[in-house]
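Chemist: To start, I am sharing the structure in question, which I have written as structure tokens.
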Amino acid sequence: MHATVPWHTVGDIYIPVNKKKKHHWVLAVLSFSERYIFLYDSYGSSGHYPAVLAEIEKLAEIIPLCLQACDFYNKKGIDLQNHPRYKDKDSSDMFDVLFEKNLPQQLSGNLDCGLYIVTYTGCLFYGHKVLSTEFDPNALHTRYVELLWDYPKTRSKCS
Numbered sequence: 002m003h004a005t006v007p008w009h010t011v012g013d014i015y016i017p018v019n020k021k022k023k024h025h026w027v028l029a030v031l032s033f034s035e036r037y038i039f040l041y042d043s044y045g046s047s048g049h050y051p052a053v054l055a056e057i058e059k060l061a062e063i064i065p066l067c068l069q070a071c072d073f074y075n076k077k078g079i080d081l082q083n084h085p086r087y088k089d090k091d092s093s094d095m096f097d098v099l100f101e102k103n104l105p106q107q108l109s110g111n112l113d114c115g116l117y118i119v120t121y122t123g124c125l126f127y128g129h130k131v132l133s134t135e136f137d138p139n140a141l142h143t144r145y146v147e148l149l150w151d152y153p154k155t156r157s158k159c160s
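The sequence shown begins at 2 in the working numbering and counts up one residue at a time.
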């Protein structure tokens, strides 16, 4: 999806979020139908979640205000008074945040979080679940290197 696609024309928004102090990336999936921000984090160490949640809550607070300002709910066809996820909330209330569980986790000390969120995004975009058993970081490194290596050739064929 191109970055300029209007949000009211899609189901979910995939937002990579960088927690700079932790040198870590997480994936936030903004679901309009569920009125949640689903969080996909590849690093579940103790003390890590509060720092990530503090960052995501900034998004959860500002997004409803932006949606209100651009008449999103009307354009999307969301009836705020009758939609089961919206009817008991004010349109400016924060989106709820839910950490997804049982995700493949990166090893402590490695910097593979980018690999993980790109893979999470690919799985979710194509309607698949993110399964720990099918997650091989070494194979994924190889796959993405091959894709990047072949990209100029593929791009020139399309031009």
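Glycine included, C-beta positions come from ideal geometry on N, C-alpha and C.
1. So, does the segment 89 to 101 touch the segment 8 to 15, judging by three or more C-beta pairs under 8 Å?
2. Using CA coordinates, which residue listed in 66, 17 and 34 is at the minimum distance from residue 83?
3. For residue 151, which three-state DSSP category applies?
4. Going by C-alpha to C-alpha distance, which of 76, 78, 32 and 24 sits closest to residue 56?
5. Give the C-beta separation of residue 118 and residue 60 to the nearest angstrom, bearing in mind that I take them to be a contact with Cβ-Cβ under 8 Å.
6. If you draw a straight line from the C-alpha of residue 132 to the C-alpha of residue 108, how long is it?
7. Specify the secondary structure class of residue 116 as computed by DSSP and reduced to three states.
8. Put residue 39 into one of helix, strand or coil per three-state DSSP.
9. Which two residues bound the contiguous beta strand (DSSP E) that contains residue 17?
10. Is it buried or exposed for residue 96, if we count other Cβ within 10 angstroms and need 16 for buried?
11. Have a look at 38, 140 and 75 and flag the residue whose alpha-carbon is nearest the alpha-carbon of residue 63.
12. Can you tell me whether residue 92 is helix, strand or coil according to DSSP?
13. DSSP on residue 136, reduced to helix/strand/coil?
14. Under the three-state reduction of DSSP, which class applies to residue 109: helix, strand or coil?
15. Can you tell me where the alpha helix (DSSP H) holding residue 53 begins and where it ends?
Modeler: If we stick to the structure as given:
1. Contact between the segment 89 to 101 and the segment 8 to 15 is absent, because fewer than three Cβ pairs lie under 8 Å.
2. One-based indexing of the sequence shown puts residue 83 at position 82. Of the candidates 66, 17 and 34, the one whose C-alpha sits nearest the C-alpha of residue 83 is 34.
3. For the purposes of this step, residue 151 is taken as residue 150 along the sequence shown, with counting starting at 1. In the structure shown, residue 151 sits in a helix (DSSP, three-state: H, G or I).
4. Residue mapping note: residue 56 aligns to position 55 of the sequence shown, counting from 1. The shortest Cα separation from residue 56 among 76, 78, 32 and 24 belongs to 24.
5. Translated into the one-based positions of the sequence shown, residue 118 becomes position 117. Translated into the one-based positions of the sequence shown, residue 60 becomes position 59. That belief does not hold up - the Cβ atoms of residue 118 and residue 60 are roughly 15 Å apart, past 8 Å.
6. Residue numbering aside, residue 132 sits at position 131 when the sequence shown is read from its first letter. Residue numbering aside, residue 108 sits at position 107 when the sequence shown is read from its first letter. Rounded to whole angstroms, the separation of the alpha carbons of residue 108 and residue 132 is 16 Å.
7. As a first step, residue 116 is located in the sequence shown; it is residue number 115 there, counting from the start. Here residue 116 sits in helix by DSSP.
8. On the sequence shown, residue 39 is found 38 positions in, with the first residue counted as 1. Reduced to three states, the DSSP call for residue 39 is strand.
9. As a working mapping, residue 17 is identified with position 16 in the sequence shown. Per DSSP, residue 17 belongs to the beta strand (DSSP E) from 13 to 20.
10. Here residue 96 refers to the residue found at position 95 of the sequence shown. Residue 96 should be labelled buried.
11. Here residue 63 is taken as the residue at index 62 of the sequence shown, counted from 1. Residue nearest to residue 63 within the set 38, 140 and 75 is 38 (criterion: CA-CA distance).
12. Counting from 1 along the sequence shown, the entry for residue 92 is found at position 91. Residue 92 falls in the coil class under three-state DSSP.
13. Counting from 1 along the sequence shown, the entry for residue 136 is found at position 135. If DSSP states are grouped into helix, strand and coil, residue 136 belongs with coil.
14. Taking the sequence shown and counting its residues from 1, one reaches residue 109 at position 108. Residue state, collapsed to three classes: coil.
15. Reading the sequence shown from its first residue, position 52 is the one you call residue 53. Run containing residue 53: 49 to 70, per the alpha helix (DSSP H) assignment.
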